[in-house]
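One structure is given below, encoded as structure tokens.
Number of protein chains: 2
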Amino acid sequence: MPTARNVLSPDALAMVQTIAETGSFAAAARARNMVPSALTYRVRQMEDALDVLLFDRSSRQARLTAAGAELLREGARVLADIDAIANRVKRVATGWEPQLTIAVDSIINHATVMELCKDFLAPDPPTRLKLRDETLSGTLEALTSGQADLALGVALDAGTAPGLQREPLGTVRFAFVVAPHHPLAREPEPLSDDVIRRHRAVAVADSVQRGGGITVGLLPGQDVLTVSSMPAKLDAQLRGLGVGFLATCLAQPYMDTGRLVVKSVERAEQSIPFSYAWHKGGKAAQGRALQWWLERLKNRVTRAALLGLIATSLPH
Amino acid sequence: MPTARNVLSPDALAMVQTIAETGSFAAAARARNMVPSALTYRVRQMEDALDVLLFDRSSRQARLTAAGAELLREGARVLADIDAIANRVKRVATGWEPQLTIAVDSIINHATVMELCKDFLAPDPPTRLKLRDETLSGTLEALTSGQADLALGVALDAGTAPGLQREPLGTVRFAFVVAPHHPLAREPEPLSDDVIRRHRAVAVADSVQRGGGITVGLLPGQDVLTVSSMPAKLDAQLRGLGVGFLATCLAQPYMDTGRLVVKSVERAEQSIPFSYAWHKGGKAAQGRALQWWLERLKNRVTRAALLGLIATSLPH
DNA sequence: CGGCATCATTCAAAATATTTGAATGAAGGA
DNA sequence: TCCTTCATTCAAATATTTTGAATGATGCCG
């Protein structure tokens with residue numbers, strides 16, 4: 015007793031295609047190096063399993079019924095799927111992961127990440143790439159929760175989790191900067207906490223999904239404008255909507271042109287080391303995609319470019 | 015020599031699923047009423063065809079490799095597709111079309127069409143329904159060009175094509191109406207062509223795809239605002255953006271509340287009969303979906319509702 | 001209209017593929 | 001260490017598919 019799952023093999027669907035293309039059972043049998051009765055037998059098997067006639071045989075050449083035409087149409091898509099799957103399974107067996115998810119902190123230079131993606135994807139690897147934008151403790155959490163395979167831009171004091179490997183990217187200096195038209199621009203230095211507290215701060219929202227998240231650099235009782243990334247924080251401060259620390263590498267072009275002014279403050283100035291992290295496991299446990307990225311991240315210039323410390327010009 | 019197209023049958027994919035779910039070859043064999051060696055043989059066939067190991071056999075229970083996991087993941091979708099196709103082919107064989115396309119003129123009452131669609135789709139027929147909005151000669155052309163199976167709202171003087179069947183929906187009266195704040199509202203009646211020509215007309219664009227299309231009711235040299243449907247024409251005239259004829263059934267609520275004013279004109283007033291049309295062919299050549307619609311369109315109340323001559327309350 | 005080529009099918013035999021069941025070696029739990 | 005249960009091997013049994021000859025039907029061409 016044949017069932018649909020037994021007889022609707024890709025080869026059977028391909029046979030229906032050949033019949034439609036050649037116009038007759040006889041021609042299709044010749045094209046497939048079969049004897050006509052074998053082809054008749056197999057079509058019958060399909061018709062029995064589906065309990066419908068796929069072909070109208072009242073004329074000399076058998077013609078597709080409406081049901082047969084429907085099977086032809088839908089079957090073409092399944093055929094393409096199967097061929098793609100077979101190809102994909104074979105390629106994954108070579109050691110490449112089906113997918114690699116990278117959590118990218120908003121401090122990380124976006125253009126550099128894109129350049130790396132371009133290099134990775136150029137030889138058409140089997141691995142699909144997925145980027146997730148994160149901020150603050152959300153970057154590491156994506157990794158520890160298993161939602162990401164690699165995290166770029168983890169602050170070194172952001173806690174430690176067992177089972178993770180880390181390597182340093184470099185250190186980012188933060189400066190307290192304001193727009194030149196902001197009232198704080200005219201205050202005598204160094205600025206005290208009391209003076210700063212009277213003005214709105216610009217803060218980046220933590221992208222963490224579990225727990226309360228962290229806030230950085232806020233003074234008690236201070237008004238705050240919350241944005242979703244470091245570039246957005248920069249923009250808000252350029253517009254004089256608020257004040258706060260910015261990575262000097264990010265703010266430097268604007269400091270050079272006078273659109274931002276550095277103010278010295280009584281608080282300790284910040285200088286934070288960032289790293290990248292991935293799950294522990296020897297080289298044998300890592301897919302080739304992750305190995306590719308870890309290899310590229312070893313490069314000193316790449317690291318600096320990711321932190322925006324130099325212009326994007328990666329070595330190959 | 016097995017190939018991917020031979021061995022990646024839906025039944026084989028289902029077998030991989032059972033192995034993953036039960037956790038071992040032995041349990042999967044029991045679940046499928048097979049002897050263990052038969053299952054081993056079939057897995058081997060798949061592995062040979064794909065030239066990859068789908069299972070790691072170094073432990074007591076065989077475990078999926080990365081390639082095997084990929085096949086499991088992608089295979090689930092193909093399985094669902096195949097089952098849906100088998101179901102669909104069988105239902106199409108019952109006489110229902112895979113798809114029915116209806117061209118609906120913009121004079122037709124939209125809510126009534128939706129009510130009919132709802133009734134048609136309620137018993138979950140195999141036929142997919144596709145509506146196309148058309149205007150003027152585009153409505154009939156969709157039918158004659160084979161892009162629609164049924165046309166609702168064909169003007170009776172819109173030409174005849176061989177091979178079509180027609181039935182009347184009813185007659186729509188058109189009145190020349192203007193917004194009360196429009197300058198023409200204060201002109202003495204009946205309005206001559208010379209007076210009308212000085213004011214912008216609102217015209218509906220013909221949706222026809224071949225040929226130049228037709229324009230209705232424009233005077234030579236008259237300014238025109240072209241919109242895409244009768245409801246849009248009504249809206250433009252309510253806003254006093256232009257003037258022209260409107261179906262009285264469409265304009266009546268606004269005439270009653272004084273938002274539109276009827277003006278008598280020297281030109282002959284329009285009263286146009288509309289019909290619906292489909293391809294010639296006896297009942298045996300029509301799918302059951304088209305038959306359903308033709309049966310419903312025989313009803314006198316349905317016809318009036320489609321022309322907006324009565325409120326939408328269809329008999330079942 | 002008749003003849004002929006070619007179509008799809010039937011049928012039984014041949015060939016091939018799949019399944020069975022017993023035996024074996026290995027993993028892993030108590 | 002012993003025992004259960006795992007996956008595999010192997011040859012025989014069973015099932016399925018293919019073959020090839022014969023047949024009846026369609027439809028083209030002279």
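Taken in sequence, the protein lines are chains F and R. Counting in the numbering used here, the first sequence runs from 15 upward without gaps. Counting in the numbering used here, the second sequence runs from 15 upward without gaps. From the three backbone atoms N, C-alpha and C, an ideal C-beta is built for every residue, glycine too.
Beyond the five residues adjoining it in sequence on each side, A45(F) comes within less than 7 angstroms, by CB distance, of T32, T36 in the same chain, given in chain order. DSSP places K132(R) in the helix class (H, G or I) of the three-state scheme. By the neighbour-count criterion, in which 16 or more other beta carbons inside 10 Å mark a residue as buried, T271(R) falls on the exposed side. Residues of the same chain with a CB within less than 7 angstroms of the CB of S289(R), apart from the 5 flanking positions on each side, are V168, L170, R180, E181, P182, L183 in chain order. Shortest Cα-Cα distance from V66(R) to any of S242(F), R74(F), T108(F), S285(F) involves T108(F).
Beta bridge pairing from DSSP links R146(F) with A117(F). Boundaries of the alpha helix (DSSP H) around A246(R): 244–252. Nearest to Q59(F) by alpha-carbon distance, out of R91(F), A18(F), M269(F), is A18(F). Contact of R142(R) with chain F by beta-carbon distance below 8 angstroms is absent, the smallest such distance being about 11 angstroms. Per the coordinates, the alpha-carbon of P112(F) lies some 6 angstroms from the alpha-carbon of V106(F). In chain order, S23, P24, I96, I99, A100 make up the part of chain F whose C-beta sits under 8 angstroms from the C-beta of L22(R). In this structure, the CA atom of E201(R) is about 49 angstroms from the CA atom of L114(R).
Between R146(F) and A193(F), the gap from beta carbon to beta carbon reaches 8 angstroms or more. Listed along the chain, the chain F residues whose CB falls inside 7 angstroms of the CB of E84(R) are R102, V103, V106, P112. The C-beta distance from A217(F) to V186(F) rounds to 17 angstroms, too long to meet the 8 angstroms contact threshold.
Considering only T240(R), V92(R), K144(R), R314(R), the residue with the shortest C-alpha distance to L304(R) is K144(R).
The closest CA to that of L178(F), considering only Q300(F), P245(F), T316(F), V276(F), is found on Q300(F). Taking a C-beta cut-off of 8 angstroms against chain R, none of the residues of the region 149–179 of chain F qualify. When only Cα atoms are considered, L274(F) and H196(F) end up about 10 angstroms apart. For a Cβ distance threshold of 7 angstroms, residue set V103, V106, A107 of chain R lies close to A81(F), ordered along the chain. Of T79(F), D62(F), D97(F), K104(F), the smallest CA-CA separation from G82(R) is found for K104(F). Distance from the CA of Q251(F) to the CA of R314(F), rounded to the nearest whole angstrom, comes to 31 angstroms. Contact annotation for E35(R) against chain F: no contact, minimum CB-CB distance about 16 angstroms [criterion: below 8 angstroms].
Beta-bridge analysis with DSSP links G258(F) to V191(F).
Secondary structure note for T240(F): its beta strand (DSSP E) is the uninterrupted segment 238–241.
Contact with chain R is absent for D249(F), since none of that chain's Cβ atoms lies less than 8 angstroms from the residue's Cβ. Burial state of K277(F) is buried, judged by a 10 Å Cβ sphere holding 16 or more other Cβ atoms.
Boundaries of the beta strand (DSSP E) around V218(F): 215–218. Of S151(R), T141(R), T240(R), the smallest CA-CA separation from D119(R) is found for S151(R).
For D147(R), no Cβ of chain F is located within less than 8 angstroms of the residue's own Cβ. For A45(R), the enclosing alpha helix (DSSP H) stretches over residues 39–45. Looking at the DSSP output, S285(R) shares a beta bridge with R187(R). Identification of chain R residues near G89(F) by a Cβ-Cβ cut-off of 8 angstroms yields I99, ordered along the chain. When the beta-carbon positions are compared, F134(F) and Q284(F) stay at least 8 angstroms from each other.
DSSP, reduced to helix, strand and coil, places Q179(F) within a strand of the structure shown. About 16 angstroms separates the CB atoms of H213(F) and V241(F); that is not less than 8 angstroms, and the two are not in contact.
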